[in-house]
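*Asks:* Residue numbers (our numbering): 94 to 280.
Beta carbons: idealized from backbone N, C-alpha and C, even for Gly.
#1: DSSP on residue 277, reduced to helix/strand/coil?
#2: Quick one, which of 143, 160, 144 has its alpha-carbon nearest residue 151's?
#3: Sorry if obvious, but does the Cβ on residue 217 come closer than 7 Å to a heavy atom of the ligand SAH?
#4: Mind the definition here: the segment 206-216 touches the segment 243-255 only if three or more C-beta pairs lie below 8 Å; say whether that holds.
#5: Which residues in the same chain have their Cβ closer than 7 Å to the Cβ of residue 164, if we skip the five residues on either side of it in sequence?
#6: How big is the Cα-Cα spacing for residue 171 and residue 234?
#7: Alpha carbon to alpha carbon, how far is residue 175 from residue 116? Give it in angstroms, no decimals.
#8: For residue 144, which of 221, 202, 267 has the nearest alpha-carbon?
#9: Do you know how far the Cα of residue 167 is from the Cα of residue 210?
#10: Would you kindly work out how many angstroms separate the C-alpha atoms of residue 204 and residue 257, rounded to a whole number?
#11: Would you tell me roughly how many angstroms separate the C-alpha atoms of residue 134 and residue 241, rounded to the nearest one?
#12: In whole angstroms, give me the CA-to-CA distance for residue 173 and residue 187.
#13: For the segment 209-259, which segments carrying the alpha helix (DSSP H) assignment without a break, of at least 4 residues, lie completely within its bounds, in sequence order?
#14: Between the alpha carbons of residue 277 and residue 132, how many angstroms are there, rounded?
#15: In whole angstroms, what is the alpha-carbon distance linking residue 263 and residue 179?
#16: Closer than 8 Å by C-beta to residue 207: which residues in its own chain qualify, once you throw out the five before and the five after it? Chain order, please.
#17: With DSSP collapsed to three states, give me the class of residue 195.
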């Protein structure tokens with residue numbers, strides 16, 4: 094659908110929702126076709142893959158087991174080199190692939206609004222995915238769920254994915270994080 098601003102003979106404007114690429118204006122003496130340019134307003138998704146620790150653990154083992162959250166001031170480093178893929182939820186079609194940067198950050202842009210899921214692939218020899226969807230704050234939890242089904246033909250490595258989510262036109266959603274426990278960031 095497109096929205097076009099239409100002006101009447103008095104100069105008043107109204108917005109008209111369009112389902113086609115041409116509208117017809119009807120005046121007192123004639124009708125005129127007005128071409129309309131429809132643009133899809135694209136969306137963006139991303140955020141961070143982090144080394145998950147549990148700063149409240151009473152033993153080194155409890156600390157190393159993580160807690161599924163990016164804890165403030167806990168020194169949870171980002172993990173570089175994690176493969177991040179986004180799939181269309183319809184047909185499990187791979188849409189784009191990127192890799193986390195030195196801070197564990199990733200961003201995938203120019204996405205057509207729709208339903209998607211992310212797949213995170215750990216190409217290193219260590220690390221397991223942290224507990225998923227802990228707490229009430231989606232900006233700090235881990236969203237990579239190793240129990241969800243994966244699409245076929247993934248690159249080598251331990252993979253986990255998010256639930257299906259919807260991206261709306263113009264949306265930037267930077268809440269999709271993934272925690273890894275016991276990973277050596279040296280590969």
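*Replies:* To lay it out plainly:
#1: coil
#2: 160
#3: Looking for the ligand SAH in the displayed structure turns up nothing, as the structure carries no ligands at all.
#4: yes
#5: 148
#6: 14 Å
#7: Confidence is the limiting factor: at residue 116 the pLDDT is only 47, short of 50, which leaves the residue's position unreliable, though a coordinate-based value still follows. Residue 116 and residue 175: Cα-Cα distance of roughly 48 Å.
#8: 221
#9: 29 Å
#10: 15 Å
#11: 30 Å
#12: 22 Å
#13: none
#14: 45 Å
#15: 17 Å
#16: 181, 182, 183, 259, 260
#17: coil
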